[in-house]
Amino acid sequence: MAQTTELSRSIVEFLNSSEVVKTRRCPSCGAPMEYVPVTFHFAGEAWDVGLPVCIWCEPESLELVDHRRVA
Ligand SMILES: [Zn+2]
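Each number in the numbering used here corresponds to the 1-based position in the sequence shown with 603 added.
So, in structure tokens, the structure goes:
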């Protein structure tokens with residue numbers, strides 16, 4: 604088991620808290636955000652978190668979201 608430092612504890616807390624954020628709206632246009640799945644590996648553990656993107660304000664992010672749906 605990896606040794607837990609103050610820094611890694613902070614990161615683990617951040618990852619755990621970001622995991623529960625599921626519903627968020629774009630601050631610019633108010634549309635529901637899409638989530639691009641990202642897996643973080645840290646301290647021997649893995650987190651599947653969604654990176655929030657707005658497909659209306661950031662159309663290029665739609666490509667990342669589509670990859671998720673195909674896969
Ligand atoms: Zn937007």
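C-beta: ideal position from N, C-alpha, C; glycine also.
Item to check | Which of helix, strand or coil DSSP assigns to Arg612 | outcome: Here residue 612 is taken as the residue at index 9 of the sequence shown, counted from 1. For Arg612, the secondary structure class from DSSP, reduced to helix, strand or coil, is helix.
Checklist entry - Considering only residues of the same chain and omitting the five flanking positions on each side of Leu667, which have a CB-CB separation below 6 Å? => result Numbered from 1 along the sequence shown, position 64 holds the residue referred to as residue 667. Taken in chain order, the residues that qualify are Val639.
Checklist entry - Is DSSP giving Glu666 helix, strand or coil here? => result Looking up residue 666 in the sequence shown gives position 63. Glu666 falls in the helix class under three-state DSSP.
Item to check | Own chain partners of Ala649 with C-beta closer than 8 Å, once the 5 adjacent residues on each side are dropped | outcome: Walking along the sequence shown from the start, residue 649 turns up at place 46. A distance below 8 Å between beta-carbons, with the five flanking residues on each side excluded, links Ala649 to the following residues of its chain, in chain order: Thr642, Phe643.
Checklist entry - Sorry if obvious, but does the Cβ on Tyr664 come closer than 7 Å to a heavy atom of ligand 1? => result Counting from 1 along the sequence shown, the entry for residue 664 is found at position 61. Reading off the sequence, residue 664 comes out as Ser, not Tyr. Because no heavy atom of ligand 1 lies under 7 Å away, the Cβ of Ser664 does not count as near it: no.
Next on the checklist: Measuring only the C-alpha atoms, how far is Glu609 from Ser620?
Outcome noted: In the sequence shown, counting from the first residue as 1, residue 609 sits at position 6. In the sequence shown, counting from the first residue as 1, residue 620 sits at position 17. Distance between the alpha carbons of Glu609 and Ser620 is about 17 Å.
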